[in-house]
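Numbering (the numbering used here), first residue to last: 238 to 1309. Using N, Cα and C, we set each Cβ at its ideal position, and we do this for glycine too. To keep things clear, I will list the structure first and then write my remarks on it.
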């Protein structure tokens, strides 16, 4: 043991002596990509100029666009015939395109080669380079002056930064004295689609195209290609393709050898564009890490994470050949997720800290880092190191032997408790791993029999039980997701999949259900932390960890554990002490966001918005599909539909609510036929996503909606009575002569129904009871309704009269059978009586204004808070509030500012109605996502106080602004100067701007309190301003304040200007 330790130290000392040799400066091209003041443009291409850079430099891909817009430009021949071009300016280039949708420009002009910008005549200006002059024409002189001013400022800033960064550069050689050029290859190539050759330059992580070498030296090119979206492939002896998302560039070299050189150079360029220098720079900051530990090559960009040494590319290949059990090789540039800050410190401390070296020596001598210490509270060396706060030791141990803690990866911003120790062994059948989800059916011939072992967080598989060397394996901490396939999906009856952090998918199968269940149980327990054990104690379909954001914390995704099965989603979020259970059928919204990576899914439930991110994971599409199916299917049975909070299908609830509000007095309701094409179309939309469908009067006919409800109930899987066999006892009950005994049997049968079926039947019978209360007008008494709904609910042809008898009995004995509370039942009868009485009074008065039943909520939208109020066209918002409060016997107190609000269904934004506004007009204008709520206006007292102390009602100041652009996901808020006067609202880009960027007249504005959570506002004090300039010109602006008082002041100014200071009645009806 001692001899081995001495040999190890001697080897390390020899590495140190190599590190002290004279340093040979050789910077990587990728390192040259990041510069603090300037980014690469044509000047580097022209002079083959290389330059140094500092840590923390901005990335080439993130150069912001300074200005863009349409300009007219003369063609290169100098003709005065102008051509319209889309022009973009950033800190490096002035580029113009055929149109705004083009990705690749027609010309690029390097800013450093622009000598001056001149005004020429009306609306025109010239961009002058050393060898060429470009003439542009703007729409007017104001736009021309903006372009000229911005161009001059950009050129000056570029030159200033260049003077600071080019002090030690040589302009003649294009290289630093001891550095390397930014250009890895340049030369002429033939390109498909062009008559002449193009001059191609590979510089850093971009490929530039020039007409010729002279244009290259002049800083004027055709376009450039970002290689982070490119792939390169040889196609013929001398040809190759460069393929991007937007276009394929086909090139032809002079020889096969030249083609190979170009392909290699382009592939290196792609690698550089996808890599990062952050980790490498931190590790290279220690002098001893600037050379390969094996051969001494400078700036090694690979490392062995368990041996804690840095390696060059060649030596890394040798280490890979030794196997993962000896040396785990990772790239400092490409494998950024592997490197945590603590591991970087460990690598940098290997040649400095004796403790880490001692641990390394023990591991080399065969010490087992998973050995049992004898202390049940600290059972492993890792737990001992954690107990004594030895962070570097913990990092070394966890990377050295399969004991990673779930969630310890960088970027997760959380460290969940380690999973429970689980052991399990046995034979399974395995297919070859794949980089894509397994969608096709795998036959038994695709599987190979393997002996599998799960032990101490390690899943390994071998050729047989007697094999000493493993065929493969993985750490459970590297497994992202466990997927349980439905029986019969593959050749083996039962199977499951493991999705690895590397992007690979592993499929295992077995015919024995018990064996597979045992493996799934063991793997699931080894996968999740002990705090999340409830996630795997039920028949789930998939379980794993996902990144998410919640509430206002949108910038730092957290890590959570999720378990999905059917319509249930169980989750353990970061910092939570218990598992949450979400019924996906009852969520308010489920929407998909498309973007970088695999996109994201947004769940809105109970006023909370949860955004789950894809993060380019192969399993995420499966999560999306599972969430969509679990949230409700319109073609499934009742328990698979989208549901309300009372377990009633949303389709049924929407239709019955519409009939209650607009069709109770319609003669022959549910008996008359509608338009078949409209019925089919509406039912299709409701089945697709009922949450997104709002039934508005005028858009839908009452008879169409009534027939949609009947058709859905007749066609829904298994029906309301849960299938034909389950419905027979209901029909047989009609033979009982004694009504009291019949009611008892109905009650017993009702309790035997599944929960959703029971709630749906109760809601339908409750609705039919309301309809028959208006039988004098709609001619639909209990018997008539029973004739219609008997065959509908029992899904029969109507020949059996007992179906109608059952429905009639249910309506007649509704209170007894459904055990309706006496007070609740009386409240419903009072509501119906009130509607009938109000209708009769208006008939006797001969009122020309028709009455409409409006659904209004008290305080908030929830079960039991809705009131049906019958109002006429002349009723104001103040009178509507009075009606609601009188119905609920709520006496207003002094200082109570009860108001009527227009609220969106997610309760994210709301607009208080002015007390004189006609309530019915507002009600008819409700969109599919809005409703009316009567509640106290918590801001009104402060608003009235603020207005009372103001002489001049106007306001201006800086405010954070974002504009609705029809895209899902995060909004971009930036500061604007907001000026609100008696005529208009104006937004300026900054305090120096003379022309407003946005403007809208006060009378065309609608101001809502709050901002959509999906836009991720920087604070909770926001306003949504809807500007209706024309019927088809509706814009949404989002203004975010920094405090509650600031929000109140802006709201007070808006309301005062729109209503001439009349915000609250002097003698309120509420007081009387």
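With 16 as the cutoff for other CB atoms within 10 Å, does residue i come out buried or exposed?
i: residue 479; result: buried
i: residue 482; result: exposed
i: residue 1134; result: buried
i: residue 886; result: buried
i: residue 1198; result: buried
i: residue 532; result: exposed
i: residue 1031; result: buried
i: residue 928; result: buried
i: residue 1271; result: exposed
i: residue 269; result: The predicted position of residue 269 is uncertain, since its pLDDT is 34 and thus under 50; a value taken from the coordinates is nonetheless stated next. Counting Cβ neighbours within 10 Å, residue 269 comes out buried, since at least 16 surround it.
i: residue 625; result: exposed
i: residue 524; result: exposed
i: residue 318; result: exposed
i: residue 814; result: exposed
i: residue 200; result: Here the chain covers residues 238 to 1309 and nothing more, so residue 200 does not appear.
i: residue 1220; result: exposed
i: residue 654; result: Low local confidence applies: a pLDDT of 46 at residue 654 is under 50, so the model's placement there is unreliable, with the coordinate-based value given in what follows. Per the 10 Å Cβ criterion, exposed.
i: residue 253; result: Reliability fails at residue 253, whose pLDDT of 39 lies under 50, so the model's placement of it is uncertain and the value that follows must be treated cautiously. So residue 253 ends up on the exposed side.
i: residue 367; result: exposed
i: residue 257; result: Its pLDDT being 34, under 50, residue 257 is placed unreliably in this model, and the value from its coordinates should be taken loosely. Exposed, because fewer than 16 other Cβ atoms sit within 10 Å of the Cβ of residue 257.
i: residue 712; result: buried
i: residue 1302; result: exposed
For residue i, is the beta carbon positioned less than 7 Å from some heavy atom of the ligand NAD?
i: residue 625; result: In the structure shown, the ligand NAD is absent, as is every other ligand, since no ligand is present at all.
When the Cα of residue i is compared with those of the options, which residue comes out closest?
i: residue 1044; options: 1112, 1015, 970, 1099; result: 970
i: residue 994; options: 473, 787, 955; result: 955
i: residue 786; options: 759, 823, 938, 841; result: 841
i: residue 680; options: 815, 747, 1116; result: 747
i: residue 800; options: 861, 1094, 1257, 830; result: 861
i: residue 705; options: 926, 688, 713; result: 688
i: residue 934; options: 898, 452, 768; result: 898
i: residue 883; options: 1004, 963, 319, 997; result: 997
i: residue 1008; options: 389, 1114, 896; result: 896
i: residue 1140; options: 719, 1116, 1099, 909; result: 1099
i: residue 332; options: 338, 339, 324; result: 324
i: residue 953; options: 920, 931, 975; result: 920
i: residue 903; options: 320, 938, 918; result: 938
i: residue 715; options: 771, 854, 1182; result: 854
i: residue 761; options: 1280, 660, 1093; result: 660
i: residue 1212; options: 1226, 1034, 1200, 391; result: 1226
i: residue 810; options: 881, 965, 797, 880; result: 797
i: residue 870; options: 822, 910, 826, 881; result: 822
Based on the DSSP output, what are the partners of residue i in its beta bridges?
i: residue 345; result: 332, 458
i: residue 797; result: 783
i: residue 1263; result: 1243, 1273
i: residue 737; result: 716
i: residue 688; result: 664, 699
i: residue 818; result: 807
i: residue 420; result: 440
i: residue 886; result: 880
i: residue 319; result: Its beta-bridge partners do not exist; DSSP assigns none.
i: residue 310; result: 320, 373
i: residue 539; result: 548, 568
Assuming residue i contacts residue j (C-beta within less than 8 Å), just tell me the rounded distance between them.
i: residue 1097; j: residue 1170; result: 6 Å
i: residue 836; j: residue 851; result: 5 Å
i: residue 1256; j: residue 1237; result: Not confirmed; about 23 Å, so no contact.
i: residue 1146; j: residue 1247; result: 4 Å
i: residue 876; j: residue 736; result: That pair is no contact at about 30 Å.
i: residue 1315; j: residue 435; result: The displayed coordinates of the chain run from 238 to 1309. Any statement about residue 1315 would go beyond what the structure contains.
i: residue 363; j: residue 371; result: 7 Å
Quiz item: Which full runs of the alpha helix (DSSP H) of 4+ residues lie inside the stretch 442-508, going along the chain?
Solution: Annotation note: the stretch 442-508 contains the following uninterrupted alpha helix (DSSP H) runs of length 4 or greater, listed N- to C-terminal: 450-455.
Exercise. Tell me the start and end of each unbroken alpha helix (DSSP H) in the stretch 910-984 that is at least 4 residues and wholly inside, in chain order.
Key: Scanning the stretch 910-984 for uninterrupted alpha helix (DSSP H) segments of 4 residues or longer gives 913-926, 939-952, 961-970, listed from N- to C-terminal end.
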